[in-house]
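**Q**
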Amino acid sequence: MSQTNQTIEEAFTQIDEMIRKLQNPDTSLQESFQIYEQGMKAVAFCNDQIDGIEKKIEIMTKEQGEDGV
Numbered sequence: 017m018s019q020t021n022q023t024i025e026e027a028f029t030q031i032d033e034m035i036r037k038l039q040n041p042d043t044s045l046q047e048s049f050q051i052y053e054q055g056m057k058a059v060a061f062c063n064d065q066i067d068g069i070e071k072k073i074e075i076m077t078k079e080q081g082e083d084g085v
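Each residue of the sequence shown is one higher than the one before, starting from 17 at the first, in our numbering.
(1) Considering Asn63, what are the terminal residues of the alpha helix (DSSP H) in which it resides?
(2) Establish whether the CB of Asp42 and some CB of chain B are separated by less than 8 Å.
(3) For the alpha helix (DSSP H) containing Asp42, list its first residue and its last residue.
(4) Nearest-angstrom Cα distance between Met34 and Glu74?
(5) Is it buried or exposed, Gln30, if we count other Cβ atoms within 10 angstroms and call 16 or more buried?
Put into structure tokens, the structure is as follows:
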């Protein structure tokens with residue numbers, strides 16, 4: 017699934033699955049590295065999503081303060 021169409025919840029689920037695969041002793045070193053790479057991209061995606069939400073909350077909070085609510 018493309019990360020541009022992915023929700024943060026889907027990314028968290030994907031990260032959980034990657035962790036399970038990395039904990040499996042049958043996962044090869046090469047596969048572990050590929051999973052790790054994908055996981056780092058998924059974590060970066062989640063961080064970007066969280067940063068965006070935090071900025072929106074800051075703007076909303078500031079606007080409410082200016083409106084005297």
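The C-beta atom is built at its ideal place from N, Cα and C for all residues, glycine as well.
**A** To lay it out plainly:
(1) 45-83
(2) The structure shown contains no chain B; it holds only a single protein chain.
(3) Per DSSP, Asp42 belongs to no alpha helix (DSSP H) and is neither H nor E.
(4) 32 Å
(5) buried
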